[in-house]
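Participant: Going by UniProt numbering, the first residue of the sequence shown is number 1, and it counts up by one from there. Think of the CB as a built atom: it goes at the ideal place given N, C-alpha and C, for glycine as much as any other residue.
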Amino acid sequence: MNGELTAIDTSFQEQFGTEEACAQYLFQVKWPDGYSCPRCSVRNFTSGLLPFTLFHG
């Protein structure tokens, strides 16, 4: 299994280079037209729990 993880890590590094590049790729795959809140359709993106709880409490 250790060999498999090394191969996955190497493949990840070759494809994305950084964690941020991977996150950007996943963001584009999940939201090709940009983020939109599933509850209210607001297109502003914030991170963390506080913005969510303030607006969707």
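1) Output needed for residue 36: all residues of its chain with C-beta closer than 8 Å, excluding positions within five of it in sequence on either side, in chain order.
2) Can you tell me whether residue 57 is helix, strand or coil according to DSSP?
3) Distance, Cα to Cα, residue 39 vs residue 31?
4) Ordered along the chain, which non-local residues of its own chain (more than five positions away) have a Cβ less than 7 Å from that of residue 7?
5) Round the Cβ separation of residue 25 and residue 16 to the nearest angstrom and send it over; I've been treating them as touching at under 8 Å.
Facilitator: For this structure:
1) Closer than 8 Å at the Cβ level, and outside the excluded window around residue 36, lie 42 and 43.
2) Because residue 57 sits at a pLDDT of 48, beneath the cut-off of 50, its placement in the model cannot be relied upon, and the following sentence gives the value as read from the coordinates. Per DSSP, reduced to three states, the secondary structure at residue 57 is coil, with no helix or strand assignment.
3) Whole-angstrom Cα-Cα distance: 15 Å.
4) For residue 7, where only same-chain residues beyond five positions count, there are no Cβ hits under 7 Å.
5) About 6 Å separates the beta carbons of residue 25 and residue 16, which is inside the 8 Å limit, making them a contact pair.
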